[in-house]
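Take a look at the structure below.
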Amino acid sequence: MSIKITAELVKELRDATGVSVMQCKNALEEAEGDMEKALIILKKKSSSIAMKKSDRTAHDGIIVVVEGTGKALLLTLHSETDFVARNADFIALANELAQLAWKDGVEAIQAKSLDIINPVVQKVGEKIELGKVELITGSTLGSYVHGSKRAVIVTLTGGTTELAKDIAMHIAAMKPAFVKADDITEEDKAKVIEVFEKEVSESDKPEEIKKKMLDGKISTYFKEQTLMDQPFIKNPDLTIDNLLKEKGATFVSFIHESIG
298 MSIKITAELV
308 KELRDATGVS
318 VMQCKNALEE
328 AEGDMEKALI
338 ILKKKSSSIA
348 MKKSDRTAHD
358 GIIVVVEGTG
368 KALLLTLHSE
378 TDFVARNADF
388 IALANELAQL
398 AWKDGVEAIQ
408 AKSLDIINPV
418 VQKVGEKIEL
428 GKVELITGST
438 LGSYVHGSKR
448 AVIVTLTGGT
458 TELAKDIAMH
468 IAAMKPAFVK
478 ADDITEEDKA
488 KVIEVFEKEV
498 SESDKPEEIK
508 KKMLDGKIST
518 YFKEQTLMDQ
528 PFIKNPDLTI
538 DNLLKEKGAT
548 FVSFIHESIG
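Residue numbers (my numbering): 298 to 557.
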């Protein structure tokens, strides 16, 4: 004798899982109306769906940053499309994973993530993949997140959280390739020289002028690409180096993550 699957049972299962009405009805029928069995069936199916989607590319998503005293955490969660990246369930999942990583540690969340992610894969119908998860510690930390697609965390010695946030915003906007001149390698220089040599060689100026042009272009390029030499975005009269000195702070490090 078949068990009648009522609308109330389907609604209860749907409220608990968020999956479609038809998926809930089918699971309840397979479980002969047993709610606990139906939940297990849906969980198994979510793992199967996730496996089928595992070879697809997840190149969109969002970045979440959690901050507290002396530490900050950055977590990237990838989806296949921006449509899913803006989905409320996906955003809630990213925040849940970030809070768990904050509480239990990065290694713990990497071990648990599939069990948490798979039910949402079943809901949204796309591959979801945990990306970078990084915990930063330091005496002065500040972060900036732009549109959930770009995030920077800055670590300073001295200074204030507000200063670190301002520099994080500057980095997100200006995207420096180097922190200071000492970070520029001979290989970096060689690549830039090759590009500008070709450009300068097309000029009909005398060789002496060409050399000055080349030196000027190289110098300008690296100043524009080096954080400490960049004019501060909120006050271009100050370089980042001068800003830090004025505030009695020392730059330690930054992480910069972006999607898309």
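Here a beta-carbon is modelled for each residue, glycine too, at the ideal position from N, C-alpha and C. In this text the structure is predicted, and so the values were computed from the model without any measurement.
- DSSP places P533 within a strand segment (E or B) once states are collapsed to three.
- DSSP, read as helix, strand or coil, puts K429 in strand.
- Around the CB of G439, 16 or more other CB atoms lie within 10 Å, so the residue is classed as buried.
- Approximately 5 Å separates the beta-carbon atoms of G358 and A382; this is inside 8 Å, confirming the contact.
- The count of Cβ pairs closer than 8 Å, one atom from the segment 454 to 472 and one from the segment 387 to 398, stays below three, leaving the stretches out of contact.
- If only uninterrupted beta strand (DSSP E) runs of at least 3 residues are considered, those enclosed by the segment 392 to 478 are 425 to 434, 437 to 443, 447 to 454.
- The Cβ atoms of S500 and K507 sit closer than 7 Å to each other.
- When the beta-carbon positions are compared, T434 and G367 come within less than 7 Å of each other.
- Counting the other CB atoms within 10 Å of its CB gives H356 a total below 16, which places it among the exposed residues.
- Annotation: S516 to Q396 spans about 44 Å, alpha carbon to alpha carbon.
- In summary, P533 is exposed, with fewer than 16 beta-carbon neighbours lying within 10 Å of its beta-carbon over all protein chains present.
- Here the segment 476 to 495 does not lie against the segment 439 to 449, with fewer than 3 beta-carbon pairs under 8 Å apart.
- Each residue's CA atom was taken as its position, placing D485 and M525 some 17 Å apart.
- Judged by DSSP in its simplified three-state form, K507 adopts helix.
- Per the coordinates, the alpha-carbon of E505 lies some 43 Å from the alpha-carbon of G545.
- If you ignore the 5 residues before and after V362, its C-beta comes within less than 6 Å of the C-beta of L371, S440, V442, A448, all in its own chain and listed in chain order.
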